[in-house]
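Using the numbering used here, the letters of the sequence shown map in sequence onto residues 31 to 163. No residue lacks a Cβ here, since even glycine has one placed at the ideal position from N, Cα and C. Since the model is a prediction, treat every value here as computed from it, not as a measurement.
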Amino acid sequence: MKKKWLNLAAIAIMGVSAVAVPVCNVQAVPSFNSSYWQRPLHPRKVITTKRVRIWKINANVPGYEEYPMKKKWLKKGSVVRVSQLASWPWGFEGHISGVGPSHGKGYFWVYNKSTSNWLAYYNKKNLKKYAGK
31 MKKKWLNLAA IAIMGVSAVA VPVCNVQAVP SFNSSYWQRP LHPRKVITTK RVRIWKINAN
91 VPGYEEYPMK KKWLKKGSVV RVSQLASWPW GFEGHISGVG PSHGKGYFWV YNKSTSNWLA
151 YYNKKNLKKY AGK
């Protein structure tokens, strides 16, 4: 009789602990080579997950002669719009927080590394997670 109660108690405890385990949905950002980013007319709104250096490129010359004019740092938690450009890995659109407009009279801003580990999807959860404290 005592053995039955021990078995029932063990089963009940295991059942409760199995129910209490939270289930997380993993949403990985698509890799740089994914077609998800190859939409220059419809840039994706993302959040920076770490501090990144961006470059201001002079576009008043032919593509093969473009050169960086200036560099700035984007803070962790900045909300930006990005897409892949023809000759640069990441191009910015719209207003860049802490920098200003993404393009103007013969220039545009880029991030020059072919990785997607510096950004996350734009949503409320990520906004709270990466926002400066």
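7 Å CB neighbourhood of residue i in its chain, flanking five on each side removed
{"i": "PRO73", "result": "ARG111, VAL112, SER113 and GLU123"}
Residue i versus residue j: straight-line alpha-carbon distance, rounded
{"i": "LYS86", "j": "ALA116", "result": "16 Å"}
{"i": "ARG81", "j": "PRO92", "result": "30 Å"}
{"i": "SER144", "j": "TRP120", "result": "8 Å"}
{"i": "ASN156", "j": "GLN68", "result": "23 Å"}
{"i": "MET44", "j": "LYS158", "result": "34 Å"}
{"i": "LYS32", "j": "ALA39", "result": "11 Å"}
{"i": "TYR94", "j": "LYS75", "result": "29 Å"}
Cβ neighbour criterion (16 or more within 10 Å) applied to residue i
{"i": "ASN150", "result": "It should be pointed out that residue 150 corresponds to Ala in this sequence rather than to Asn. It counts as buried."}
{"i": "SER61", "result": "exposed"}
{"i": "LEU104", "result": "buried"}
Inter-residue CB distance, residue i and residue j (contact presumed, cutoff 8 Å)
{"i": "ILE84", "j": "LYS102", "result": "6 Å"}
{"i": "TYR137", "j": "MET99", "result": "6 Å"}
{"i": "TRP139", "j": "VAL129", "result": "7 Å"}
{"i": "TYR160", "j": "ILE77", "result": "5 Å"}
Beta-carbon contacts of residue i that lie in its chain and below 8 Å, excluding the five residues immediately before and after
{"i": "HIS125", "result": "PRO131 and SER132"}
Selected residue, minimal CA-CA separation from residue i, among the options
{"i": "ASN153", "options": "VAL59, LEU36 and ALA39", "result": "VAL59"}
{"i": "ASN142", "options": "LYS135, ASN90, TYR97 and LEU38", "result": "TYR97"}
{"i": "ASN63", "options": "ALA89, TYR94 and ASN147", "result": "ASN147"}
{"i": "LYS135", "options": "ALA89, LYS33, LYS32 and LYS75", "result": "ALA89"}
Own chain partners of residue i with C-beta closer than 6 Å, once the 5 adjacent residues on each side are dropped
{"i": "SER127", "result": "SER108"}
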